[in-house]
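What follows is one structure encoded as structure tokens, with my remarks underneath.
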């Protein structure tokens with residue numbers, strides 16, 4: 001069986017039967033495709049455990065994959081080869097039983113409150129050639145910082161997904177293909193209202209909530225990348241969209257949000273994923289330790 005043929009069948013099955021997102025399908029194509037080119041593989045029968053483990057070691061040593069990247073690539077191969085075994089194309093999964101590198105435990109990067117406010121101020125006060133950009137871009141960064149959306153979730157937002165009046169954002173098929181609802185705070189509501197006035201003034205009728213300036217189509221990933229770079233340079237702050245999401249999570253905890261509610265807003269399937277933000281928030285930990293029942297001056301004086 002030609003491995004390229006198996007990969008096409010797997011991607012079709014994953015897309016139309018399993019309902020995987022295009023970005024997930026592309027991740028499988030990239031991972032397996034690079035393996036094929038690097039090892040000169042033509043058929044599945046050429047893929048052995050030693051061959052696969054040699055390739056993964058090459059990625060770790062020569063390609064300088066981090067432990068996290070190594071594990072991510074490995075997961076993609078496990079899923080693909082498992083499907084091949086299920087289809088009868090392979091006798092065994094060559095990715096099974098491989099020892100994984102130890103993950104580096106790093107706290108998620110976050111912005112200070114002052115940095116977050118400076119980004120919002122920069123998005124509002126930047127010398128744009130058109131007023132529409134001023135309000136749209138501020139609304140975009142406000143949505144990241146006040147609602148914690150992922151980049152693709154924001155780009156996928158449809159016009160009817162945001163109910164500003166009732167202060168809610170409906171996230172369709174977020175990570176893990178799960179829908180969720182995120183509440184809108186007052187500051188975000190004001191920003192979205194300003195944007196909607198400009199959107200209506202320019203007669204934007206595309207189904208996407210955030211529209212491009214020159215065409216009646218949704219804002220793109222390329223446009224988002226350029227916007228982030230522009231705001232990084234103008235504000236003097238190094239950040240990524242994911243860092244904005246991390247900052248939202250940390251600031252919510254520091255503000256007193258419980259971890260269960262936060263996990264629902266972030267779209268986490270497991271509280272363990274959300275709990276990493278507890279470690280990232282020293283302020284939250286200080287607040288919690290102050291709740292110790294013996295942390296009372298009268299108790300100390302009685303000793």
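Residue numbers (UniProt numbering): 1 to 303. No residue lacks a Cβ here, since even glycine has one placed at the ideal position from N, Cα and C. Model, not experiment: these values are computed from the prediction.
Cβ contact annotation for residue 193 (same chain, cutoff 7 angstroms, sequence separation greater than five): 164, in chain order. One thing to note: residue 270 has its Cβ within 9 angstroms of the Cβ of residue 263. Beta-bridge analysis with DSSP links residue 182 to 169. For residue 116, the enclosing alpha helix (DSSP H) starts and ends at 113 to 125. DSSP places residue 233 in the helix class (H, G or I) of the three-state scheme.
Each residue's CA atom was taken as its position, placing residue 190 and residue 117 some 15 angstroms apart. In this chain, the alpha helix (DSSP H) harbouring residue 50 covers 49 to 61. Closest in C-alpha terms to residue 160, from the list 205, 245 and 92, comes 205. Contact annotation, residue 198 with residue 131: C-beta distance approximately 6 angstroms; criterion of less than 8 angstroms satisfied. Residue pairing by DSSP places residue 208 opposite 158 in a beta bridge. According to the DSSP assignment, residue 83 belongs to the alpha helix (DSSP H) that extends over 67 to 86.
For residue 235, same chain residues with a beta-carbon under 6 angstroms away, outside a window of 5 residues either side, are 118, 119 and 122 in chain order. Relative to residue 185, the option among 252, 124 and 233 whose CA is nearest is 252. Beta bridge pairing from DSSP links residue 218 with 211. Taken through DSSP and simplified to helix, strand or coil, residue 130 comes out as coil. When the Cα atoms are used, residue 72 and residue 231 turn out to be separated by approximately 30 angstroms.
If you draw a straight line from the Cα of residue 53 to the Cα of residue 39, it is about 11 angstroms long. In the pairwise beta carbon analysis, the segment 88 to 95 is classified as touching the segment 43 to 53: at least three pairs are separated by under 8 angstroms.
For residue 254, the enclosing alpha helix (DSSP H) starts and ends at 241 to 254.
By the 16-neighbour rule on beta-carbons within 10 angstroms, residue 268 is buried.
If you ignore the 5 residues before and after residue 155, its C-beta comes within less than 8 angstroms of the C-beta of 208, 210, 218, 219, 220, 221 and 224, all in its own chain and listed in chain order. Between the C-alpha atoms of residue 195 and residue 136 there is a straight-line separation of about 5 angstroms. Minimum Cα-Cα distance from residue 276 among the listed residues 109, 61 and 114 corresponds to 109. Residue 146 sits buried, since 16 or more C-beta atoms from the chains shown fall within 10 Å of its C-beta.
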